[in-house]
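Protein sequence lines, in the order shown, are assigned to chains H and A. Going by our numbering, the residue at position 120 of the first sequence is 827; the numbering climbs one at a time, nothing skipped. Going by our numbering, the residue at position 192 of the second sequence is 305; the numbering climbs one at a time, nothing skipped. Where a beta carbon is used, it is the ideal one built from N, C-alpha and C, also for glycine. If you're wondering where the values come from, they're calculated on a predicted model, not measured in any experiment.
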Amino acid sequence: MARKAVAAQRKIRVLVAKPGLDGHDRGVLVLARALRDAGMEVIYSGLLPSPEKVAQMAVDEDVDVVALSLLNGAHMTAFPKVKRLLVKAGGGDVIVVGGGIIPEEDKPKLVKMGITGLFGPGSSLDEIVEHVRTRVRKERWGVRAHA
Amino acid sequence: MLRNGREAYWRRKAKSIVERRAKAGSLYDRPAMKEVRKGIKQWQESVHGRWVREHPESEKEYQTASGIPVKALYTPGDVTDHDYADQGFPGVYPYLRGVYPNMYRGRQWTMRMFSGFGTPEDTNNRLKLLLEHGETGLSIAFDMPTLYGYDCDHERAHGEVGRCGVNVSSLKDMEVIFDGIPLDKVSTSMTINAPATILTCMYAGVAQRQGVPMEKLRGTVQADMLKEYIAQKEWVYPPEAHLRLVRDLMVFCTKKMPQWNYISVSGYHIREAGSSAVQELAFTLADGFGYVELGLEAGLKVEQFAPRLSFFFNSTMDFFEEIAKFRAARRIWATVLREKYGVKDKRSLLMRFHTQTSGASLTWQQPLNNVIRTTIEALAAVLGGTQSLHTNSYDEAWALPTEEAVQVALRTQQVIAEETGAPNVIDPLGGSYYVEWLTEQMEEEAYKYFDRIDSAGGLLKAIKSGYLQREIAENSYRLSRRVEDGKDNVVGVNRYEVEEREPIKTLKIDFRAQKRQVRRIRGVKKERDEVRVRQALAKIGKAFENEDANSIYPMLEAVMRYATLGEIVQVGRDIFGTWEEPVIV
Numbered sequence: 708m709a710r711k712a713v714a715a716q717r718k719i720r721v722l723v724a725k726p727g728l729d730g731h732d733r734g735v736l737v738l739a740r741a742l743r744d745a746g747m748e749v750i751y752s753g754l755l756p757s758p759e760k761v762a763q764m765a766v767d768e769d770v771d772v773v774a775l776s777l778l779n780g781a782h783m784t785a786f787p788k789v790k791r792l793l794v795k796a797g798g799g800d801v802i803v804v805g806g807g808i809i810p811e812e813d814k815p816k817l818v819k820m821g822i823t824g825l826f827g828p829g830s831s832l833d834e835i836v837e838h839v840r841t842r843v844r845k846e847r848w849g850v851r852a853h854a
Numbered sequence: 114m115l116r117n118g119r120e121a122y123w124r125r126k127a128k129s130i131v132e133r134r135a136k137a138g139s140l141y142d143r144p145a146m147k148e149v150r151k152g153i154k155q156w157q158e159s160v161h162g163r164w165v166r167e168h169p170e171s172e173k174e175y176q177t178a179s180g181i182p183v184k185a186l187y188t189p190g191d192v193t194d195h196d197y198a199d200q201g202f203p204g205v206y207p208y209l210r211g212v213y214p215n216m217y218r219g220r221q222w223t224m225r226m227f228s229g230f231g232t233p234e235d236t237n238n239r240l241k242l243l244l245e246h247g248e249t250g251l252s253i254a255f256d257m258p259t260l261y262g263y264d265c266d267h268e269r270a271h272g273e274v275g276r277c278g279v280n281v282s283s284l285k286d287m288e289v290i291f292d293g294i295p296l297d298k299v300s301t302s303m304t305i306n307a308p309a310t311i312l313t314c315m316y317a318g319v320a321q322r323q324g325v326p327m328e329k330l331r332g333t334v335q336a337d338m339l340k341e342y343i344a345q346k347e348w349v350y351p352p353e354a355h356l357r358l359v360r361d362l363m364v365f366c367t368k369k370m371p372q373w374n375y376i377s378v379s380g381y382h383i384r385e386a387g388s389s390a391v392q393e394l395a396f397t398l399a400d401g402f403g404y405v406e407l408g409l410e411a412g413l414k415v416e417q418f419a420p421r422l423s424f425f426f427n428s429t430m431d432f433f434e435e436i437a438k439f440r441a442a443r444r445i446w447a448t449v450l451r452e453k454y455g456v457k458d459k460r461s462l463l464m465r466f467h468t469q470t471s472g473a474s475l476t477w478q479q480p481l482n483n484v485i486r487t488t489i490e491a492l493a494a495v496l497g498g499t500q501s502l503h504t505n506s507y508d509e510a511w512a513l514p515t516e517e518a519v520q521v522a523l524r525t526q527q528v529i530a531e532e533t534g535a536p537n538v539i540d541p542l543g544g545s546y547y548v549e550w551l552t553e554q555m556e557e558e559a560y561k562y563f564d565r566i567d568s569a570g571g572l573l574k575a576i577k578s579g580y581l582q583r584e585i586a587e588n589s590y591r592l593s594r595r596v597e598d599g600k601d602n603v604v605g606v607n608r609y610e611v612e613e614r615e616p617i618k619t620l621k622i623d624f625r626a627q628k629r630q631v632r633r634i635r636g637v638k639k640e641r642d643e644v645r646v647r648q649a650l651a652k653i654g655k656a657f658e659n660e661d662a663n664s665i666y667p668m669l670e671a672v673m674r675y676a677t678l679g680e681i682v683q684v685g686r687d688i689f690g691t692w693e694e695p696v697i698v
């Protein structure tokens, strides 16, 4: 109970990252601002981090969530790689969400690996914020969705 | 512009636009204008004012996409103090009304569709298809590993080969892309920046294999590194090193490839990164002035290189603001080159530009609506006087375009060109009270930005401190919020939404592209003369270390010996290092 009370007051920590060769950072910068406006602590990986670097940063910064963004079509290699490397680096409990240009047929495969969200162009910022918040509360803090 | 000149010029220019309004010369007869003004005032008070009270307006304030407030009506009262001398005639300074005296009547814009995906073979097929369908210029899109200077077999290329464009790892790939396409007959645009010098050498290399002399090559290589740091963010080395390579290219092409446009100063990416039209205008032209200074520092005369600088703009949804932007760009470029850089030669003053409709304006939802968006954007580009145009395909919010979608996009241009009559009259919106007023507003705002860039320490400092990047990020967030809050409408996204049906048919990039490319590069490495490749690479290293050397000559040699893109880029990485951008968020 005490843990939950502390958790509810704590700010959600998010690492936003683009794990690939992709300089299109408009979406990720907007997302970072939106998450911060929603009261979260946001760490931006900077451009062109390798999946290794993303996983290491997530563990070092002790984040609740890694939010990945890719527009270059390499999500099926880059996203699972980050997930694998996170587990290896001792961050298996870090929540991974993703977004970018992701074809419908790839989505179930990523969800199966625990990578959710998968928001695309035209998604609402509030929707993304809510998704992150809900998953953190439920999976990290054990708070029920309506709490 | 590159360094801080502590210039009062920009401030003076911004002020002069305001001051001009008090000047004697005018489009209108002043006594007659008194009557007109009286009429306007009367209309505002009795007709418009009364009507609005009964029919309240939907917004408190209306503004352009850049945030410039606009009135309900524009009248001669808004342009009374404009002097026709400031507009001039098409093909005549300051080129506001167009770069050529008869514009599209004498020379239609080039229909240049950006294409490239998968393997060089895939791309070769697509290019031939587009030529068959009436495209008049080629435009190549490269994949991410190529753009960042990694060979297809590099670890960082994994999963990315051929996905956002065609993969080029060595001259062999370029030979395949242009197989059966005679390079003395087509003009080719290559959207490549960090490795621009290498790809230019490869193009010249293919020409040599085809027996076409370098002097005859026509086309454009983007090579706009300044905008990479501002927006597109595909760099390898620190800014100074890349600018030095651009300098080498300018000097080399001036001598050896006189018909080659070696820098395409690009606002497109600045806009796609989230800038406003005003920011696109200001930052792109600031980059243009930066290259003028780079050329001067290299000992070239402006007249030698300015005619080879071309521009590349975005065209998006605020129709009139886009048209005003194109017009303003031409007048600013001509004015500044003449006044600030003392250029007299006509060909150096006129701004020729390519336009691409806005990818970021396309929606994933209801993709067929994108055909309409692209049509409107393309029409704005034509009314703005573009020299070359790419129209996006309706499926591009989903994936790279299918053949069918590309065909519709190309047909969009053909319909505008051949059915609308729009190209028959030069600058048909010239004289529109609103368009003329808006053109001038945008110019004033651009001059203010040039001044701010100088105050921030010059262009290079403004980039290295992240000032320009933050300005864009700020605007991009403002735009996203406006859509989110329903202040800006996007049909199908926050208006008239529907349950999305089955996804449209999209292009699938074969994962085997990577395997085929890796196999090819292994073959290339096996067949080439390894000793001579090493020698050629060492020569490039020497040229990189000597600031006064021109690195293009050894690069050309290395390319011809099938040194790979990744090997050549790595030589620079070892000498120049890499680059991390300043913190933006």
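C-beta neighbour in chain A for residue i, strict 8 Å
{"i": "Gly727/H", "result": "yes"}
{"i": "Leu817/H", "result": "no"}
{"i": "Ala745/H", "result": "no"}
{"i": "Pro756/H", "result": "no"}
{"i": "Glu811/H", "result": "yes"}
{"i": "Arg720/H", "result": "no"}
{"i": "Met708/H", "result": "Bear in mind that a pLDDT of 45 at Met708/H, under 50, signals an unreliable position, so the number given afterwards is only what the model happens to contain. Not closer than 8 Å to any Cβ of chain A, the Cβ of Met708/H fails to qualify, so no."}
{"i": "Arg740/H", "result": "yes"}
Cβ-based burial, residue i [other Cβ within 10 Å; buried from 16]
{"i": "Ala198/A", "result": "exposed"}
{"i": "Leu481/A", "result": "exposed"}
{"i": "Glu643/A", "result": "exposed"}
{"i": "Met820/H", "result": "exposed"}
{"i": "Ala709/H", "result": "In this prediction, Ala709/H scores a pLDDT of 49, lower than 50, which makes its location untrustworthy; no coordinate-derived value is stated."}
{"i": "His168/A", "result": "exposed"}
{"i": "Ala741/H", "result": "buried"}
{"i": "Ile809/H", "result": "buried"}
{"i": "Phe227/A", "result": "buried"}
{"i": "Pro144/A", "result": "exposed"}
Interface flag, residue i vs chain H, CB-CB below 8 Å
{"i": "Thr188/A", "result": "no"}
{"i": "Ile634/A", "result": "no"}
{"i": "Arg276/A", "result": "yes"}
{"i": "Ile290/A", "result": "no"}
{"i": "Val698/A", "result": "yes"}
{"i": "Tyr404/A", "result": "no"}
{"i": "Gln469/A", "result": "no"}
Amino acids of chain A, ordered along the chain, whose beta-carbon sits closer than 8 Å to that of residue i
{"i": "Met783/H", "result": "Gly272"}
Chain H residues whose Cβ lies nearer than 9 Å to that of residue i
{"i": "Gly387/A", "result": "Arg733, Leu736 and Val737"}
{"i": "Arg269/A", "result": "Gly727, Leu728, Leu755 and Ser757"}
{"i": "Glu393/A", "result": "Correct list: empty, because the minimum Cβ distance to chain H is about 14 Å."}
{"i": "Ala447/A", "result": "Residues of chain H passing the Cβ test: none, with the nearest at roughly 32 Å."}
Residues that residue i contacts on chain H, provided the C-beta gap is smaller than 8 Å
{"i": "Pro616/A", "result": "Pro810 and Glu811"}
{"i": "Met257/A", "result": "Gly727, Leu728, Asp729, Asn779 and Ala781"}
{"i": "Ser589/A", "result": "Arg733, Leu736 and Val737"}
{"i": "Thr745/A", "result": "Because chain A is modelled from 114 through 698, residue 745/A falls outside the range shown and cannot be assessed."}
Neighbour list for residue i in chain H, Cβ cutoff strictly below 7 Å
{"i": "Val606/A", "result": "Gly829"}
{"i": "Trp477/A", "result": "Gly827, Pro828 and Gly829"}
{"i": "Ile622/A", "result": "Gly780"}
Residue i: contacting residues in chain A (beta-carbon distance under 7 Å)
{"i": "Gly730/H", "result": "Gln345, Lys346 and Glu347"}
{"i": "Leu832/H", "result": "Ser593 and Glu597"}
Identity of the residues DSSP links to residue i by a beta bridge
{"i": "Ile305/A", "result": "BP columns for Ile305/A are empty, so no partner."}
{"i": "Leu777/H", "result": "Gly807/H"}
{"i": "Phe424/A", "result": "Val378/A and Phe466/A"}
{"i": "Ile822/H", "result": "Val803/H"}
{"i": "Tyr751/H", "result": "Val723/H"}
{"i": "Ser300/A", "result": "Arg331/A"}
{"i": "Val772/H", "result": "Val721/H and Ile802/H"}
Going residue by residue through the stretch 494-523 of chain A, where are the continuous beta strand (DSSP E) segments of at least 3 residues, counting only ones entirely within it? Here the runs fully enclosed are 501-503.
Considering only residues of the stretch 436-493 of chain A, which uninterrupted beta strand (DSSP E) runs meet the minimum length of 3 residues and lie entirely inside it, listed in chain order? 466-470
What residue ranges within the stretch 310-394 of chain A form continuous beta strand (DSSP E) runs of no fewer than 3 residues, ordered along the chain? 331-334 and 376-379
Give, in chain order, every unbroken run of the alpha helix (DSSP H) that is at least 4 residues long and sits entirely within the stretch 557-604 of chain A. 572-577 and 580-597
Which runs of the alpha helix (DSSP H), 4 residues or longer, sit entirely within the stretch 162-223 of chain A? 162-167 and 197-200
Would you list, in sequence order, the uninterrupted beta strand (DSSP E) runs of no fewer than 3 residues that lie entirely inside the stretch 234-259 of chain A? 250-254
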